[in-house]
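Here the structure is laid out as structure tokens; the discussion comes afterwards.
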Amino acid sequence: MKKYILIPFLFFGLLAQSQTKIIAHKSHSGSVKSFSKAYKNNLFTINNSNFGNPYIPPTVMLDSVISINDSTTILVHRTANFCLATRRVNFEDLDESSYTLKRDTLYNHSFLNRENSLKFIKSIHKNEYPIHFSNKVNEVEFIGFKK
């Protein structure tokens, strides 16, 4: 019985072997003063640590939605190559090397198809779209849809 209890504890113990920069700094005889000095002077890439913050997805700008036929639609969007929130940069201020142009093809989508009018498609909340984009729906160019 002891073996059955010991095995899960060992397994979860192996999974819990992660540490933040401050824990690593303290475990190598570092003090709080020397850590703050290293943090302020950007030593050891400590400034790049997120200290367990949640993942921030990259900024996506939907440029155009193109209807090819009744069942096929193409989404053209730009994705930033880095997190804009951490650098405090506006998407409009970026040059072309700072983002990647992407195209996604949708087949038989529920509302992004030629059957629906442009007014109906624009009335859908942007959280319902297949990609989560940052700009407003009115800024997106729709091609090949009914007026």
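Just so it is clear: in the sequence shown, position 88 is 90 by our numbering, and no numbers are missing.
For glycine and all other residues, C-beta sits at the position ideal for the given N, C-alpha and C.
Hey, how far is the Cα of residue i from the Cα of residue j?
i              : j                : result
asparagine 43  : aspartate 97     : 29 Å
lysine 148     : alanine 40       : 60 Å
lysine 104     : proline 56       : 25 Å
isoleucine 58  : isoleucine 133   : 15 Å
asparagine 140 : serine 125       : 10 Å
serine 69      : isoleucine 9     : 56 Å
valine 78      : serine 99        : 17 Å
arginine 80    : asparagine 137   : 11 Å
proline 60     : aspartate 72     : 31 Å
tyrosine 131   : isoleucine 76    : 12 Å
aspartate 106  : lysine 128       : 16 Å
threonine 64   : phenylalanine 37 : The amino acid at residue 64 is misidentified as threonine; the sequence shows leucine. Rounded to whole angstroms, leucine 64 to phenylalanine 37 spans 42 Å at the Cα level.
leucine 108    : threonine 74     : 6 Å
lysine 4       : phenylalanine 11 : 11 Å
Where do the ends of the beta strand (DSSP E) carrying residue i lie?
i           : result
leucine 120 : Unbroken run through leucine 120 is the alpha helix (DSSP H), 120-125; no beta strand (DSSP E).
lysine 104  : 101-109
Under three-state DSSP, which class holds residue i?
i              : result
aspartate 72   : coil
leucine 8      : helix
aspartate 95   : helix
serine 38      : helix
glutamate 117  : coil
asparagine 140 : helix
Taking the DSSP output, what are the residues bridged to residue i?
i              : result
isoleucine 145 : Ile68
histidine 79   : Leu64, Lys104
Is the shortest distance between the beta-carbon of residue i and the beta-carbons of chain C less than 9 Å?
i           : result
leucine 120 : This model lacks chain C altogether; it includes just one protein chain.
Any heavy atom of the ligand SAM inside 8 Å of the beta-carbon of residue i?
i            : result
histidine 79 : Ligands in the displayed structure: none, and consequently the ligand SAM is not present.
Problem - Meets three-Cβ-pair contact criterion under 8 Å: the stretch 108-127 and the stretch 139-148 - result: yes
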